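Student:
There are 2 protein chains.
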Amino acid sequence: MPGGFLDIDEDLEACAKRELQEETGIEGLYLEQLYTFGNPQRDPRERVISVTYFALSQSDHLMPKASSDATQTAWFPISHLPELAFDHATIIQLAWKRLLSKLGYSTIAFKMLPKYFTLSQLQTVYEILLNENLDKRNFRKGILARNIIKETGEYSRNGSHRPAKIYQVINPSQIEIIKR
Amino acid sequence: MPGGFLDIDEDLEACAKRELQEETGIEGLYLEQLYTFGNPQRDPRERVISVTYFALSQSDHLMPKASSDATQTAWFPISHLPELAFDHATIIQLAWKRLLSKLGYSTIAFKMLPKYFTLSQLQTVYEILLNENLDKRNFRKGILARNIIKETGEYSRNGSHRPAKIYQVINPSQIEIIKR
DNA sequence: TTTATTTCGTGTATTTGATACACTAAGCAA
DNA sequence: TTGCTTAGTGTATCAAATACACGAAATAAA
Numbered sequence: 001m002p003g004g005f006l007d008i009d010e011d012l013e014a015c016a017k018r019e020l021q022e023e024t025g026i027e028g029l030y031l032e033q034l035y036t037f038g039n040p041q042r043d044p045r046e047r048v049i050s051v052t053y054f055a056l057s058q059s060d061h062l063m064p065k066a067s068s069d070a071t072q073t074a075w076f077p078i079s080h081l082p083e084l085a086f087d088h089a090t091i092i093q094l095a096w097k098r099l100l101s102k103l104g105y106s107t108i109a110f111k112m113l114p115k116y117f118t119l120s121q122l123q124t125v126y127e128i129l130l131n132e133n134l135d136k137r138n139f140r141k142g143i144l145a146r147n148i149i150k151e152t153g154e155y156s157r158n159g160s161h162r163p164a165k166i167y168q169v170i171n172p173s174q175i176e177i178i179k180r
Numbered sequence: 001m002p003g004g005f006l007d008i009d010e011d012l013e014a015c016a017k018r019e020l021q022e023e024t025g026i027e028g029l030y031l032e033q034l035y036t037f038g039n040p041q042r043d044p045r046e047r048v049i050s051v052t053y054f055a056l057s058q059s060d061h062l063m064p065k066a067s068s069d070a071t072q073t074a075w076f077p078i079s080h081l082p083e084l085a086f087d088h089a090t091i092i093q094l095a096w097k098r099l100l101s102k103l104g105y106s107t108i109a110f111k112m113l114p115k116y117f118t119l120s121q122l123q124t125v126y127e128i129l130l131n132e133n134l135d136k137r138n139f140r141k142g143i144l145a146r147n148i149i150k151e152t153g154e155y156s157r158n159g160s161h162r163p164a165k166i167y168q169v170i171n172p173s174q175i176e177i178i179k180r
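If you're matching them up, the sequences are chains W and A in order. Under my numbering, the final residue of the first sequence carries the number 180; numbering is consecutive throughout. Under my numbering, the final residue of the second sequence carries the number 180; numbering is consecutive throughout.
(1) So, helix, strand or coil for A:F54, using DSSP?
(2) Quick check: the Cα distance between W:T118 and A:R98, rounded to an integer number of angstroms?
(3) Identify the contact partners of W:V51 in chain A, using a Cβ-Cβ distance below 9 Å as the criterion.
(4) Would you verify that the beta carbon of W:E19 is, or is not, closer than 9 Å to some beta carbon of chain A?
(5) Quick one: which chain A residues come within Cβ less than 7 Å of W:D43?
(6) Only counting the same chain, and skipping five residues up and downstream in sequence, which positions put a Cβ closer than 6 Å to that of A:R42?
(7) In three-state DSSP terms, what is W:Q72?
(8) Using a cut-off of 7 Å between C-beta atoms, extract the partners of W:I175 located in chain A.
(9) Restricting to Cα atoms, I'd like to know which of A:P163, A:A145, A:P64 is closest to A:L20.
(10) Is there a Cβ from chain A that is less than 9 Å from the Cβ of W:S181?
(11) In three-state DSSP terms, what is A:Y116?
(12) Measuring only between beta-carbons, confirm whether W:Q33 sits less than 9 Å from chain A.
(13) According to DSSP, A:Y35 sits in a beta bridge with which residue or residues?
(14) Per DSSP, W:V169 is paired with what?
(15) Since W:T90 and A:T36 should fall inside the 8 Å C-beta cutoff, what is the C-beta to C-beta distance between them, to a whole number of angstroms?
(16) At the 9 Å Cβ level, is A:L94 part of the contact set with chain W, yes or no?
(17) What's the call for W:F76, buried or exposed, on a 16-neighbour Cβ count within 10 Å?
(18) For W:Q168, which of W:I148, W:R137, W:S156, W:L81 has the nearest alpha-carbon?
(19) The alpha helix (DSSP H) that contains W:K182, what's its start and end?
(20) Please look up how many angstroms separate the CB atoms of W:F54 and W:E32, rounded, as I've assumed it's under 8 Å.
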């Protein structure tokens with residue numbers, strides 16, 4: 001939960017990006033505004049209003065490094081979070097809920113994959129987040145029917161088994177809403 | 001677009017409610033946090049961060065009255081808004097988008113109806129917001145299949161025609177997410 | 001070179017949900 | 001009694017989601 005104070009002439013998202021960078025060394029992630037928490041008692045020390053953002057990344061792309069403000073950083077699975085300060089557990093719950101819900105109607109899952117990926121990798125993202133196994137044929141049918149990814153023509157050869165086709169997002173610039 | 005400054009020990013939603021009341025005399029509405037706007041240039045006079053909320057009501061239940069802060073108040077159809085200050089047009093656009101999208105997967109439409117209502121009234125809410133005509137039989141089938149409203153046993157007699165069954169929401173306390 | 005192992009990639013039948021579509025019922029007024 | 005208005009209902013079709021099993025391609029080991 002990296003965070004900090006907004007500069008007087010700083011944009012909100014820029015601030016979130018800066019604090020993330022300063023405390024973890026991580027840059028270039030997808031950020032989305034989550035919610036603004038302003039209960040007068042949420043921080044007993046003083047009145048704090050938190051405009052919260054969440055970031056998404058591929059986990060293997062990240063090596064958080066404690067720096068300036070933070071003395072220690074680490075990754076935690078959402079099922080085993082440590083004790084959190086203030087209302088930070090509520091914030092994470094809300095982010096998790098938002099993420100799961102957007103998984104169903106948007107292309108947000110691609111923000112957790114590298115530019116080039118296989119359908120099995122994509123399915124794994126969904127399976128981890130939804131915490132259930134999906135049928136491979138139906139998953140592929142569904143994803144491909146939405147026309148949001150395309151084959152690159154390349155194959156991933158990484159093991160003693162059949163290579164997988166490598167795909168990429170057709171329009172990677174933004175999160176698309178897939179209405180159904 | 002009623003609004004104003006947060007008191008130092010005031011909750012965000014309480015502030016929105018208070019400002020709405022102070023400027024329009026309107027109370028008791030459904031409020032939902034929309035987004036927080038914080039671009040440093042959005043108000044040229046000074047740095048202002050706006051935690052925005054939208055409210056929903058039945059239109060015939062509201063008589064906005066200008067008071068303390070506001071010199072004038074009036075209703076405007078979203079298709080014919082007057083010139084708006086700062087980024088207020090953007091804010092309204094976002095609220096409209098949120099409303100339309102929630103219409104599809106939640107019970108938000110009921111916040112625009114009185115406690116007791118007929119299916120025709122409900123359908124009218126959807127038709128106005130979606131700006132299209134819906135098939136009566138399919139609409140009713142769909143709504144009733146979701147099991148979110150129930151008959152009261154009463155009928156509305158208000159014209160020289162067959163009376164309509166009066167319905168109410170089964171669980172009016174909250175906006176429910178209807179996953180499909 | 002053959003076999004075993006692993007992951008990749010594919011098609012069809014069934015079920016479920018969404019859509020298209022038209023007439024009778026009930027009240028009131030003329 | 002007739003005319004007008006809005007309420008209420010069923011079925012057939014189409015589209016989408018689900019259930020389900022096996023051959024293909026690569027590598028490693030025998």
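Glycine residues also receive a C-beta, built at the ideal position from the N, C-alpha and C atoms. Owing to the predicted nature of the structure, the values given are computational and were not obtained by experimental measurement.
Tutor: According to the data block:
(1) Here A:F54 carries a strand assignment [DSSP, helix/strand/coil].
(2) If I take the Cα positions, the gap works out to 33 Å.
(3) Neighbours of W:V51 on chain A, chain order: T36, G38, I49, V51.
(4) Not one chain A Cβ lies under 9 Å of W:E19.
(5) Within chain A, not a single residue places a beta-carbon under 7 Å from that of W:D43; the smallest gap is close to 13 Å.
(6) The residues are F86, D87.
(7) DSSP places W:Q72 in the coil class of the three-state scheme, outside both helix and strand.
(8) By Cβ distance, chain A contributes nothing, its closest Cβ being about 14 Å from W:I175, past 7 Å.
(9) The shortest CA-to-CA distance from A:L20 to any of A:P163, A:A145, A:P64 is the one to A:P64.
(10) Nothing about residue 181 of chain W can be read from this structure; chain W reaches only from 1 to 180.
(11) The answer is coil: DSSP assigns A:Y116 none of H, G, I, E or B.
(12) So yes, W:Q33 belongs to the interface.
(13) Paired residues: A:T52.
(14) Residue pairing by DSSP puts W:V169 in a beta bridge opposite W:I149.
(15) Between the beta-carbon of W:T90 and that of A:T36 there is about 17 Å, and that puts the pair past the 8 Å contact cut.
(16) Chain W contact via Cβ: absent.
(17) Around the beta-carbon of W:F76, fewer than 16 other beta-carbon atoms lie within 10 Å, marking it exposed.
(18) Comparing Cα positions, the closest option is W:I148.
(19) The structure shown has nothing for residue 182 of chain W, since chain W only spans 1 to 180.
(20) About 6 Å separates the two Cβ atoms, so the contact holds.
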